[in-house]
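Here is the structure we will look at.
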DNA sequence: CTCACTATCCCACGATTGCGGGATTGCTAA
DNA sequence: TTAGCAATCCCGCAATCGTGGGATAGTGAG
């Protein structure tokens, strides 16, 4: 089994030391460096890229999220685990969007932390259960709306709407569908009627936001 | 500690029996029922709502995903764990959007399955590592687009665009912002220029899809 | 002090869209 | 069979939108 090189960014000395000790105490892991701030994270990682990065989310100078963005864009292959004391919703998603693959609270037991490092190294995405649930809910957010509201568009109307959502004009839709301009107008009228809107833009926005056409 | 009532939907007799045994063998859990198809899942659950539902994703008649939708809309409080042999990307996200909070492969070891049931019951979202990574990547893939393309809209232009995305017409935007109709037109012209589009609809679609305004 | 940029306003022309009709065909369920 | 619905086509009118001009004023960098 390969040893896993780990680099830490955290402004708390005690936490840095604790994790350093934890990592050095286990043959499976090697500490590739530990830093109190992420200002030169790119230069640091360039010298000797680690297998996994542990990143504190709250740091002075360069925040953990900014650091993640930089690291992820320079070294997309290096997985990053965020560490935090709070599981504030916004920070979670900012981090994930920035490129982090794991998100752990700092009260995570040491054994679980090591397990998490192993997990990202092997292509997983460790999260505390509460974080995982937040992520899941993110997918469901509009589902109730979508399910409850049914505008029962006809198949043909959905087809027209799809083209409109793709930014086509009536003319272009007509050409695309092999029907007349007038027919497209008629379909559109009914679509606007059914969606309770009065412009193409409103229809498109509603369609996308409520995922009326299933894709995305 | 409360016992956790579990209901199973799975068309495979052997799996149903295996899980039934597993659940009954542990005092912490109680089997609330096991069914080979989900055709009457709502009626079944209405009689005596369980704490957790295990749902096979591939079933005849009513698919697991359809069942999840029904259950989730009737009993939003009951957490559902999907079980599957394959971790095909599409099915994962369909399930999550439909309302499942956990997603496990069927080769999950029994101990982990029980742990997962406990986890959803306590507000977590258990997933196999490979699934978790897929979910994470979903958040990241759009970020690169957003970061790479910068149309450097002026603050005022962004403001106008925001209103357009909300479905307002030029007139309404003018009223809303306390400026002239003509000014809105001018701003729009520049916006379309910068976004390389030639209609309000295209601009709105591009704005939403590439998350140019940060929200959502 | 220019130069560039932003924000504001104005006009005119043509294209597109929204809305109000009306009409024919074909299919299906009552 | 009759009624309803989806899909197709047509017309006209008013409103809105897209485009190409032009104009003024403030701000900040050089």
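Protein chains in written order, with this note's numbering: chain A, 1 to 216; chain B, 217 to 432. Every residue, glycine too, gets a C-beta built ideally from N, C-alpha and C.
Three-way DSSP call (helix, strand, coil) for residue i in this model
i	result
residue 151 of chain A	coil
residue 15 of chain A	helix
residue 161 of chain A	helix
residue 302 of chain B	coil
residue 384 of chain B	coil
residue 75 of chain A	coil
residue 205 of chain A	helix
residue 239 of chain B	helix
residue 197 of chain A	coil
residue 318 of chain B	strand
residue 4 of chain A	strand
residue 347 of chain B	helix
Chain B within 7 Å of residue i, Cβ atoms only
i	result
residue 112 of chain A	no
residue 210 of chain A	no
residue 109 of chain A	no
residue 139 of chain A	yes
residue 118 of chain A	no
residue 177 of chain A	no
residue 5 of chain A	no
residue 153 of chain A	no
Distance CB(residue i)-CB(residue j) smaller than 7 Å
i	j	result
residue 249 of chain B	residue 205 of chain A	no
residue 390 of chain B	residue 381 of chain B	no
residue 3 of chain A	residue 47 of chain A	no
residue 367 of chain B	residue 268 of chain B	no
residue 435 of chain B	residue 227 of chain B	With chain B covering 217 to 432 only, the question about residue 435 of chain B has no answer from this structure.
residue 123 of chain A	residue 349 of chain B	yes
residue 178 of chain A	residue 356 of chain B	no
residue 317 of chain B	residue 266 of chain B	no
residue 19 of chain A	residue 55 of chain A	no
residue 373 of chain B	residue 354 of chain B	no
residue 103 of chain A	residue 127 of chain A	yes
residue 71 of chain A	residue 64 of chain A	no
residue 22 of chain A	residue 110 of chain A	yes
Any C-beta of chain A under 7 Å from that of residue i
i	result
residue 377 of chain B	no
residue 230 of chain B	no
residue 233 of chain B	no
residue 225 of chain B	no
residue 420 of chain B	yes
residue 423 of chain B	no
residue 295 of chain B	no
residue 317 of chain B	yes
Q. If you scan the segment 30–70 of chain A from start to end, which runs of the alpha helix (DSSP H) of 4 or more residues do you find wholly inside it?
A. 41–47
(Q) I'd like to know if the segment 78–96 of chain A and the segment 298–313 of chain B are in contact, where contact means that at least 3 CB-CB pairs between them fall below 8 Å. (A) no
Q: Assess, as a yes-or-no matter, whether the segment 157–164 of chain A is touched by the segment 182–202 of chain A under the definition of 3 or more beta carbon pairs within less than 8 Å.
A: yes
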